[in-house]
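If you use the working numbering, the sequence shown corresponds to residues 144 to 284, in order. Even glycine gets a Cβ: it sits at the ideal position worked out from N, Cα and C. These numbers come from a predicted model, not from an experiment. Okay, structure first, notes after.
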Amino acid sequence: MSAREKIAYIKGLLDAGKPEDKLALSLFNAVVDALDALADENDALKKQLEEQQSAADDLYSICGELDADLSDVESRLGIDEELDEDEAPLEDDYTEVACPSCGLHFYCQTSMLSPDDHCVECPDCGEKVSVDLEAEDHDAD
């Protein structure tokens, strides 16, 4: 039995055997009204969930089509998903920096450093921190 059917059953019981006490009748009617409101909200949420599920299914389908199209383009262009041998891995372009002011350890991309001063701004305190690229090169050896 659905929530709506149960509420209709309660309404029928109230109509068939109306209590003599007006306070009790008012209380029962208020409870039934509250149940009706909850059932309305539940119906609206079910409808919204169905719409969102349909939209999610559509997006999933579109993503599948895009993935197939991308694979087709990659195969036509000869793009390999694996890293080319002559390309350096991404982590080689980052270096760890310790801020002398606040002590924060963070990473910065070495290719983005200014060629003049090799400085980067600390994301925590804003202090300019000099990056020693030569020390990093020696650590790698």
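Nonlocal neighbours in the same chain, by C-beta distance under 7 Å from residue 147, ignoring five residues either side: Within the same chain, and ignoring the five residues on either side of residue 147 in sequence, the residues whose Cβ sits closer than 7 Å to its Cβ are 182.
Segment limits, beta strand (DSSP E) that includes residue 264: Element bounds for residue 264: 262-264.
Residue 249 - partner residues in DSSP beta bridges: Beta bridge pairing from DSSP links residue 249 with 240.
Run of the beta strand (DSSP E) containing residue 274, from where it starts to where it stops: No beta strand (DSSP E) contains residue 274, which DSSP labels as neither H nor E.
For residue 257, three-class secondary structure by DSSP: Residue state for residue 257 is assigned as coil, using DSSP reduced to three classes.
Cβ separation of residue 236 and residue 252, assumed to be a contact under 8 Å, to the nearest whole Å: The Cβ separation is near 6 Å, so the contact holds.
Residue 204 - containing alpha helix (DSSP H), residue span: Start and end: 165-220.
Nearest to residue 249 (by Cα), restricted to the options 219, 217 and 267: Nearest C-alpha to residue 249 among 219, 217 and 267: 267.
Within 8 Å, strictly: CB atoms of residue 175 and residue 154: If you check the CB distance, residue 175 and residue 154 come in under 8 Å.
Interface flag, residue 181 vs chain C, CB-CB below 8 Å: This model lacks chain C altogether; it includes just one protein chain.
Separation of residue 160 from residue 185, as counted between CA atoms: So the alpha carbons of these two residues sit roughly 28 Å apart.
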